[in-house]
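If you're matching positions, the sequence shown starts at 1 in this note's numbering and goes up one per residue.
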Amino acid sequence: MKTTRETADASIRVALIEDDLSAREVLARWLAAAEGFQLAGQYGEAESALGDLPRQEVDIVLTDIQLPGISGVECVRLLKPRMAKTQFVMLTVFEDSEHIFEALRAGATGYLLKRTTYDELLAALKYVHVGGSPMNSYLARRIAQCFPANPKEPEEADLSPREWEVLQMMARGFLYKEIADSLSISVRTVDTYVRRIYEKLQVRSRAQAVARYVNLPPRL
1 MKTTRETADA
11 SIRVALIEDD
21 LSAREVLARW
31 LAAAEGFQLA
41 GQYGEAESAL
51 GDLPRQEVDI
61 VLTDIQLPGI
71 SGVECVRLLK
81 PRMAKTQFVM
91 LTVFEDSEHI
101 FEALRAGATG
111 YLLKRTTYDE
121 LLAALKYVHV
131 GGSPMNSYLA
141 RRIAQCFPAN
151 PKEPEEADLS
161 PREWEVLQMM
171 ARGFLYKEIA
181 DSLSISVRTV
191 DTYVRRIYEK
201 LQVRSRAQAV
211 ARYVNLPPRL
């Protein structure tokens, strides 16, 4: 039988940065009540999060973009180098591609809208915790519309034809297993290709790789 400490250690630790008190309280209640999650902290502005979060053990930071003072995007840009193992997910009302790519270039792993439901939010946080980049279908379509009509050839990006193929499928939101099934290779092989892609593009996540794919180099 697992102890309370062991259960807590196995939980996904999520911190919130949200200036709207009512919204923050709702999110905090959701996380506190959800099995497999632990509320690691909540902040009403970026400044307090910047001072406190690097000292905490946090798996995911869920942050708004429009914060008083330092924006959520700038907060992610400042925290990511200090919290390399932590994933950052934006939760916002902004749906335009400019905000999406700005967040991805700053180091965000996922981008969700505030109309996201309770079940969708928890599923997205679980997904990012295992290496995914959550984004609803509407936002994924907005990104797809930004793709160049004639993307760079594999040679220009120093990727092999198969690596280029994997990158294109990643950009379309395919999971590793779906990529493996489609290309008739193992998930382990897909993981090897992805690691090589990250090395060659000098990125650390799927989101940053997609940003490179659309000719928007992420800030590392």
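The beta-carbon is built from N, C-alpha and C at its ideal position, and this holds for glycine as well.
query: heavy atom of the ligand SAM below 6 Å from LYS200 C-beta; result: By its list of ligands, the structure shown contains no ligand whatsoever, and the ligand SAM lies outside what it can speak to.
query: Beta-carbon proximity list for GLN66, same chain, < 6 Å, skipping 5 on both sides; result: none
query: Opening and closing residue of the beta strand (DSSP E) in which LEU112 lies; result: 110-113
query: LYS152 versus GLU163 - alpha carbon distance; result: For LYS152, the predicted structure reports a pLDDT of 49, less than 50, and the residue's modelled location is therefore unreliable. A value from the coordinates is still provided. Going from the Cα of LYS152 to the Cα of GLU163 covers about 13 Å.
query: Proximal residues to GLY69 (C-beta, below 8 Å), its chain only, five neighbours per side dropped; result: GLU45, ALA46 and GLU47
query: Start and end residues, beta strand (DSSP E) containing GLN38; result: 37-43
query: Exposure of ASP158, with buried meaning 16 or more beta-carbon neighbours within 10 Å; result: exposed
query: Where LEU62 sits in the DSSP three-state scheme; result: strand
query: Rounded separation between PHE147 and LEU167 - CA only; result: The predicted model places PHE147 with a pLDDT of 48, which falls under 50 and marks its position as unreliable; any figure quoted below should be read in that light. Spanning the two alpha carbons is a distance of roughly 13 Å.
query: From GLN202, VAL210, GLU25 and SER186, residue whose alpha carbon lies closest to that of MET169; result: VAL210
query: Same chain only: Cβ atoms within 7 Å of ALA108, ignoring 5 sequence neighbours per side; result: VAL76, PHE88, VAL89, MET90 and ALA207
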